[in-house]
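Colleague: Residue numbers (the UniProt record's numbering): 1 to 322.
C-beta atoms are modelled at their ideal positions from N, C-alpha and C, and glycine is treated no differently.
Here the structure is a predicted model, which is why all the values come from computation and not from measurement.
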Amino acid sequence: MSTTKTVDGRSAETSALITVGRRTRRVRRPRRRSSTRFVLAPLTFIAVAVVLFCLFFLWPGALGLWYSFTDYSGVGTPEFIGGENYADLIQDPVFYSVLGRTFLYTLLSVPLHYIAALGIAMLLTSTLAKGKSTARIIFFLPWLISPIVAGVIWKWLFGENFGLVNYLIELIGGQGLRWETDPTLALVLILIVSTWGGTAFNMLLFIAAIRNVPQSYLEAAQIDGASPWQRFRHITLPLLRPTSFMVILLTTIGSMKEFAMVQALNGGGPGTTNMFIVQYIYRTGFERADVGYASAASMVLMVILIIIALIQMRFDKRNDLA
């Protein structure tokens, strides 16, 4: 049987095999390089995130934990004193008062944030609403303002002797309210300002979640004669459960850590009646130069926040299983 020869003396079959082998080698090399590139790129981004997390979160947290067992005052060398700071903290009535006021503020703030954000989101996603683009910008503007600046602005608006609100009340024949010297009114003012400033972000979360609700469900319920309230209660609201959980969790943590706005608004006054836990830590650490004691209070706050987050996650998981 004869074999066809090529110009260089090789058979056609041999030449074809050599050509295929060369092509195979040429194809495999780029695959190895691309696979290596696809592995290195995510690792690089993850490494940057890990370094930043360790530098700005893990290391300060570990340092604060160490300071909580020392008598560090901000200068000099800290001396280890064991659990004395925690023992003094347990016996400090001011700490319990501040912690109770913080819990009260959180219990009042979370529902207000949730209702305001959800209500505005429902209005801005309604097909009957007009000027929604302008309304979104107006409602989102407070989120762009610094909490300190917001506190100063509202302080001028609600000042007892020079505030615009009391001026308008007196202009119509009423008597100006004691926004600064009445503890209850001061707390109400804090709730108003915090709701005004914190609604925008939660509103965006709800708008995105509402747009993902299948319209076929709502149309089928409308055909069956369900009212708008029934459609919202039995269809929209249950489908918003994951977003609601996130909003409640973030608002709870943010309320427990409220500081800048309150500090600029009334400084936790009158006196210390509206001083929250973070303000207590700030005054103890920087004004009294007792960094060790303030670090112990910070560790207690961290444990409380972790417990709250775990309880909420457990509750949400139980609802999902149900």
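Tell me the DSSP secondary structure of phenylalanine 245 in three-state form.
Modeller: In the structure shown, phenylalanine 245 sits in a helix (DSSP, three-state: H, G or I).
Colleague: Here's the rule I'm using: 16 or more other beta-carbon atoms within 10 Å means buried, otherwise exposed. How should residue 323 be labelled?
Modeller: The structure shown has nothing for residue 323, since the chain only spans 1 to 322.
Colleague: Answer with buried or exposed for threonine 4, where buried requires no fewer than 16 other C-beta atoms within 10 angstroms of its C-beta.
Modeller: Low confidence applies here, because threonine 4 scores a pLDDT of 49, under 50, leaving its location unreliable and the question unanswered by this model.
Colleague: What separation, rounded to the nearest whole angstrom, lies between the Cα atoms of valine 303 and glycine 131?
Modeller: For valine 303 and glycine 131, the distance between alpha carbons rounds to 45 Å.
Colleague: Per the contact definition of three or more C-beta pairs closer than 8 Å, is the stretch 263–282 in contact with the stretch 180–189?
Modeller: As far as the Cβ criterion goes, the stretch 180–189 touches the stretch 263–282, which means the pair count is three or higher.
Colleague: Could you please give the first and the last residue of the uninterrupted alpha helix (DSSP H) stretch that includes valine 75?
Modeller: First-last for valine 75: undefined, no H or E at that position.
Colleague: Grab me the residues of leucine 89's own chain with a C-beta within less than 8 Å of its C-beta, minus the 5 sequence neighbours each way, in chain order.
Modeller: Cβ within range, chain order: Phe95, Tyr293, Ala296, Ala297, Val300.
Colleague: For glutamate 287 and leucine 185, I'd like the C-alpha separation in whole angstroms.
Modeller: Near 27 Å, if we compare the C-alpha coordinates of leucine 185 and glutamate 287.
Colleague: Looking at C-beta atoms only, is the number of pairs between the stretch 191–201 and the stretch 102–110 that lie closer than 8 Å three or more?
Modeller: Touching, yes.
Colleague: If you draw a straight line from the alpha carbon of glycine 163 to that of lysine 155, how long is it in whole angstroms?
Modeller: Rounded to whole angstroms, glycine 163 to lysine 155 spans 8 Å at the Cα level.
Colleague: Look at alanine 121 and phenylalanine 206 and say whether their C-beta atoms are less than 9 Å apart.
Modeller: Contact flag set, yes.
Colleague: Would leucine 118 be called buried (16 or more neighbouring beta carbons within 10 Å of its own) or exposed?
Modeller: Buried, by the Cβ-count rule.
Colleague: My understanding is that leucine 239 touches valine 213, with C-beta atoms under 8 Å, so please give their C-beta distance in whole angstroms.
Modeller: Indeed, because the Cβ distance is near 5 Å, the residues count as touching under 8 Å.
Colleague: If you follow the alpha helix (DSSP H) that proline 111 is in, where does it begin and where does it stop?
Modeller: First-last of the alpha helix (DSSP H) with proline 111: 93–124.
Colleague: For isoleucine 306, which of helix, strand or coil comes out of DSSP?
Modeller: Three-state DSSP puts isoleucine 306 in a helix.
Colleague: I'd like the ranges of any alpha helix (DSSP H) spanning at least 4 consecutive residues and lying wholly in the stretch 150–189.
Modeller: Fully enclosed alpha helix (DSSP H) runs of 4 or longer: 164–171.
Colleague: Would serine 255 pass as a contact of histidine 113 if the rule is Cβ separation under 9 Å?
Modeller: Yes; because the gap between Cβ atoms is below 9 Å, this pair is in contact.
Colleague: To the nearest angstrom, report how far apart residue 333 and proline 142 are at their CA atoms.
Modeller: This structure leaves residue 333 out entirely; the chain is present only between 1 and 322.
Colleague: Using a 10 Å radius around the Cβ and a threshold of 16 neighbouring Cβ atoms, would you call alanine 309 buried or exposed?
Modeller: The residue is exposed, with fewer than 16 neighbouring Cβ atoms inside 10 Å.
Colleague: With respect to the alpha helix (DSSP H) encompassing arginine 136, which residues constitute its N-terminal and C-terminal limits?
Modeller: Segment 132–144, the alpha helix (DSSP H) holding arginine 136.
Colleague: By Cβ distance below 8 Å, which residues in the same chain neighbour isoleucine 223 in space, the five residues on each side in sequence not counted?
Modeller: Same-chain partners within the cutoff: there are none.
Colleague: Taking C-alpha atoms, which residue in Ile148, Ala200, Glu219, Val165 lies nearest to alanine 135?
Modeller: Among Ile148, Ala200, Glu219, Val165, the Cα nearest to that of alanine 135 is on Ala200.
Colleague: Classify serine 68 as buried or exposed, calling it buried when 16 or more other Cβ atoms lie within 10 Å of its own Cβ.
Modeller: Serine 68 is buried by the Cβ-count criterion.
Colleague: Relative to the C-alpha of isoleucine 311, which candidate in Thr252, Ala209, Ile281, Arg283 has its C-alpha closest?
Modeller: Out of Thr252, Ala209, Ile281, Arg283, Thr252 has the C-alpha closest to the C-alpha of isoleucine 311.
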